[in-house]
Amino acid sequence: MAPSPTIIPIIMAGGAGSRLWPLSRDTMPKQFIELFDDGLSAFQATLRRVVGEGFGRPIVVTNNDFRFIAAEQLSRLGIEAEIVLEPERRDSAAAVAVGAVLAERLGTGGVCLLLASDHVIRDEAGFLDAVRKAATVAATGRIMTLGITPDHASTAYGYIHPGADDLGEGARSIERFVEKPDRATAEGYVAEGYVWNSGNFAFSAEVMLKELEHFTPNVLAAAREAAEKATRDLDFIRLDAAAFSASPTISIDYAVMEKTRLGGVLAAEFGWSDIGSWDSLHAVKDKDANGNRLEGDVVAIDTRNSFVRSEEALTTVLGLDDVVVVTTHDAVLVSSMAAAPKVKTLVAELKKAGRREAGEHMRIHRPWGWYQRIDIGDRFQVKHICVKPGGRLSLQRHHHRAEHWVVVHGTAEVTIDGSTKFYHENEAAYLPIGCIHRLHNPGKIDLKLIEVQVGSYTGEDDIVRIEDVYARS
Numbered sequence: 001m002a003p004s005p006t007i008i009p010i011i012m013a014g015g016a017g018s019r020l021w022p023l024s025r026d027t028m029p030k031q032f033i034e035l036f037d038d039g040l041s042a043f044q045a046t047l048r049r050v051v052g053e054g055f056g057r058p059i060v061v062t063n064n065d066f067r068f069i070a071a072e073q074l075s076r077l078g079i080e081a082e083i084v085l086e087p088e089r090r091d092s093a094a095a096v097a098v099g100a101v102l103a104e105r106l107g108t109g110g111v112c113l114l115l116a117s118d119h120v121i122r123d124e125a126g127f128l129d130a131v132r133k134a135a136t137v138a139a140t141g142r143i144m145t146l147g148i149t150p151d152h153a154s155t156a157y158g159y160i161h162p163g164a165d166d167l168g169e170g171a172r173s174i175e176r177f178v179e180k181p182d183r184a185t186a187e188g189y190v191a192e193g194y195v196w197n198s199g200n201f202a203f204s205a206e207v208m209l210k211e212l213e214h215f216t217p218n219v220l221a222a223a224r225e226a227a228e229k230a231t232r233d234l235d236f237i238r239l240d241a242a243a244f245s246a247s248p249t250i251s252i253d254y255a256v257m258e259k260t261r262l263g264g265v266l267a268a269e270f271g272w273s274d275i276g277s278w279d280s281l282h283a284v285k286d287k288d289a290n291g292n293r294l295e296g297d298v299v300a301i302d303t304r305n306s307f308v309r310s311e312e313a314l315t316t317v318l319g320l321d322d323v324v325v326v327t328t329h330d331a332v333l334v335s336s337m338a339a340a341p342k343v344k345t346l347v348a349e350l351k352k353a354g355r356r357e358a359g360e361h362m363r364i365h366r367p368w369g370w371y372q373r374i375d376i377g378d379r380f381q382v383k384h385i386c387v388k389p390g391g392r393l394s395l396q397r398h399h400h401r402a403e404h405w406v407v408v409h410g411t412a413e414v415t416i417d418g419s420t421k422f423y424h425e426n427e428a429a430y431l432p433i434g435c436i437h438r439l440h441n442p443g444k445i446d447l448k449l450i451e452v453q454v455g456s457y458t459g460e461d462d463i464v465r466i467e468d469v470y471a472r473s
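Using full-length UniProt numbering, the letters of the sequence shown correspond one by one to residues 1 to 473.
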């Protein structure tokens, strides 16, 4: 076996994952949520697999709204990466183009490994073996796809028909890509030796850039200009918004892979799932004797082959088979297992109706911690606020509301109009309308407090940031 080249991971982490609603939403999508019992999000698990010997510094391509979430989860692992911020979503071709442009500029050579951040890999050794084989072939000028040997006739994935050419390392050329089939067609594909398209690729930056230039020059031109005009914002690379917006919205499959003659596929088995919907998550999780996966405060009687998860409230299921029930703080999903992949359509309808729950969690994450609404009414709002150790809110003022902060855990350093005072558990600070104020956690444990807002308007846009350590002012 030829020596494997250095591998530069490019991690795509900007998606919304709406088919796992109501757990996954725009403000905290599935790649950043702990879905398994290992204490890691799928994003963290993806990164941890591709660090160490043989791997270069990762490039993480994510959405501006997720920048602090990605940075914090990287920090918890002790992994350093280039975090690239897309101004808006443009599908995978733009992300690939940006990643290849930046990899080229890093000048490290080697092979890029494009990975989705929300997939599950149960056989890490098998995955790494497949990656190194694919990278070895990619170094010869091929754009390699990691294909998954099917264990059933799935209608949820696209398929690849391997070609006749032997590319070495067990890889084959690509005869054709096909879209998600119906059941009968999928059964035929499996019988004929087709593999699932995992959406993970290995390629040299030089080869991918040449193919992008040939097939979709507008995508590459937008990526190059966006990277050329990018700015540094704290630890982030912020792509130029105007340049990036010129890129069409198109997947890398449509843009390059279905057209190139340089494509190759390596069929492998490493316990892969894209956990794209509740039924696929149910399939990869351990289940009880009745085929149920029960998580949280759940009681199920005479129920089989079901997924029931509760984030907070007692959730009970009686006499049902093949269902998904997910209870969160502000929304409940009840679906047949067969209809679970259609949750994305449901979310789209909720967004059309203007429902906040469609895209926004009750718990909103911020670089300093999080807040969660407890109650809201005419001229008031109540929040639970958690500030992590060292966290510091912006120096700010409000034009329409006063605030009361009651400390319930930890120590608060509160600055009001230039005067600073420490508050401890069961102590309260009053912030009148218009005062310039800031909250800081100087301690080594979480600061938790109850905030009561009173005024004619309590919206989040009644915040005038004067100074902010997270560069949001």
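Every residue, glycine too, gets a C-beta built ideally from N, C-alpha and C.
In terms of residue numbering, what span does the alpha helix (DSSP H) encompassing lysine 352 cover?
-> 343-352
Check lysine 30 in the structure and name its three-state DSSP category.
-> helix
Grab me the residues of methionine 1's own chain with a C-beta within less than 6 angstroms of its C-beta, minus the 5 sequence neighbours each way, in chain order.
-> Because the pLDDT at methionine 1 is just 47, under 50, the model does not fix this residue reliably, and the value given afterwards should be weighed accordingly. Contacts found: none.
Residue burial classification, serine 117 (beta-carbon count within 10 angstroms, cutoff 16) = buried
In angstroms, rounded to a whole number, what distance separates the CA positions of arginine 49 and isoleucine 148?
-> 18 angstroms
Supposed close pair alanine 471, leucine 234 - CB separation, criterion 8 angstroms = 5 angstroms
Check whether the region 302-313 touches the region 170-188, taking contact to mean three or more Cβ pairs, one atom from each stretch, closer than 8 angstroms.
-> no
Closest by CA to glycine 455, which one among His400, Glu413 and Asp417?
-> His400
Contacting residues, own chain, Cβ-Cβ under 6 angstroms from valine 334 (five flanking each side not counted) = Val325
Helix or strand or just coil, what does DSSP make of tryptophan 370?
-> strand
Could you round the C-beta distance between alanine 97 and valine 219 to whole angstroms and report it? I think they count as a contact, below 8 angstroms.
-> 5 angstroms
Report, in whole angstroms, the separation of the C-beta atoms of residue 530 and histidine 398, which I expect to be a contact under 8 angstroms.
-> Residue 530 cannot be examined here, being either before or after the span of the chain that is shown, 1 to 473.
Decide yes or no for the touch test of the region 128-144 against the region 100-115: beta carbon pairs closer than 8 angstroms, at least 3 of them.
-> yes
Tell me whether asparagine 292 sits in a helix, a strand or coil according to DSSP, three-state version.
-> coil
Taking all protein chains shown into account, do 16 or more other C-beta atoms lie within 10 angstroms of the C-beta of leucine 47, making it buried, or fewer, making it exposed?
-> buried
Could you have a look at phenylalanine 380 and say whether DSSP puts it in helix, strand or coil?
-> strand
Give the C-beta separation of alanine 340 and aspartate 279 to the nearest angstrom, bearing in mind that I take them to be a contact with Cβ-Cβ under 8 angstroms.
-> 4 angstroms
Closest to tryptophan 246 by CA distance: which of Ala227, Val298 and Val178 is it?
-> Here the sequence assigns alanine to residue 246, which means tryptophan is not the residue at that position. Comparing Cα positions, the closest option is Ala227.
In the DSSP assignment, what residue or residues form a beta bridge with tyrosine 194?
-> In DSSP, tyrosine 194 forms no bridge with anything.
Secondary structure of valine 120, DSSP reduced to three states = strand
Would DSSP call proline 22 helix, strand or coil?
-> coil
Near asparagine 197, what residues of its chain come up, given a Cβ to Cβ distance below 6 angstroms and the 5 sequence neighbours on each side ignored?
-> Gly158 and Ile160
Does the beta-carbon of proline 432 have 16 or more other beta-carbons within 10 angstroms, so that it is buried, or is it exposed?
-> exposed
Candidates Glu80, Phe43, Gly54 and Glu53: which alpha carbon is nearest phenylalanine 66's?
-> Phe43
Euclidean distance between Cα positions of isoleucine 10 and alanine 103 | 9 angstroms
Validate contact between the region 420-431 and the region 352-367 using beta carbons, cut 8 angstroms, 3 pairs | no
Among residues of its own chain, excluding the 5 on either side of threonine 231, which ones have a beta-carbon nearer than 7 angstroms to its beta-carbon?
-> Arg238
Which class does aspartate 165 belong to by DSSP, given the choice of helix, strand or coil?
-> strand
Valine 299 and threonine 327 look like a contact to me (Cβ under 8 angstroms); what is the Cβ gap, rounded to whole Å?
-> Incorrect: roughly 12 angstroms between the Cβ atoms, too far for contact.
Please go through the same chain and pick out, in chain order, the residues whose beta-carbon is closer than 7 angstroms to the beta-carbon of alanine 100, but skip the five residues on each side of it.
-> Cys112, Ala205, Met208 and Leu209
Pick helix, strand or coil for phenylalanine 68, following the three-state DSSP scheme.
-> helix
Take the Cβ of glycine 391 as the centre, count every other Cβ of all protein chains shown within 10 Å, and call the residue buried at 16 or more, exposed below.
-> buried
So, helix, strand or coil for valine 174, using DSSP?
-> The question names valine, but residue 174 is isoleucine in the sequence shown. Three-state result, isoleucine 174: strand.
Euclidean distance between Cα positions of alanine 125 and phenylalanine 270 | 8 angstroms
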